[in-house]
Amino acid sequence: MFSLRIFARHFMNMRNIYFLCILFMGFMNAQELNSQETAIINEGDINSALPIYQTTDDHQHQTLLNLSTEINPFDPNTATLVKRMKEALLSTKGGVGIAAPQVGINRKVIWVQRFDKEGNPLEYFINPVIIWRSELQNLGPEGDLSIPDFRDQFYRSKVIQLEYTDLKGEKHSEMVEGFTAVIFQHEIDHLFGILISDKKEKEKNDSYKQVEAYKKSDSTTR
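For the sequence shown, the tail end lands on 222 under full-length UniProt numbering, and the numbers increase by one without skipping.
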């Protein structure tokens, strides 16, 4: 009886490990890029900027409105996407952030200029998630690299808590505030298919606590 009990316990442990492995494999497969995505990422010179999608083009506009999914940080194509997104952002005049949908890939990758750090470095974020937002709001100007000739005032949380992954698969968490927090919120909106031109209509009836806390208010595009 004792040996049978040990065997049953061992069997249950093995079964749990098996199901965990199946779940993990399914999660990783769900993150894999499809052939169309890899074709876009690797088109032309892989060291050059990817074209930035515009709302003036119907197909590109639809891509910008689509929901983005997580991406596998270990896939070599992810590193290529990250690099080419940075080049795309650097090719703009005054851009301080970019999201993967803006280069035709509905995956959770963004670049943000960190005005909250010395030297204002550009940093990438894979599968970013805002897990907390302050009730206190900023009101300030925003534009968009994908929406020509559009700029308006928007409310954003003053402080956010962010979780994300890097290309090594390591997870990170940090608090961000001020203008940099605004950029994060703007770019993560892109991952949900939210454009500021649509956001303006939706927030007309909302009320906020207004705080003027922008560290850099003269940027023209995000």
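Glycine included, C-beta positions come from ideal geometry on N, C-alpha and C.
For R84, the enclosing alpha helix (DSSP H) begins and ends at 76-90. In this structure, the straight-line span from the alpha carbon of E163 to that of F125 is close to 9 Å.
A check of alpha carbon separations from L122 across R107, M85, L145, R156 identifies M85 as the nearest. Bounds of the alpha helix (DSSP H) holding E37 are 35-41. Burial is judged here by how many other beta carbons sit within 10 angstroms of a residue's own beta carbon; I41 has at least 16 and is buried.
In this structure, S146 lies near L64, with their beta-carbon atoms less than 8 Å apart.
Boundaries of the alpha helix (DSSP H) harbouring T180: 178-191, taken from the DSSP string. Between the C-alpha atoms of I130 and P73 there is a straight-line separation of about 18 Å.
Relative to I105, the option among K199, D198, S197, H190 whose CA is nearest is H190.
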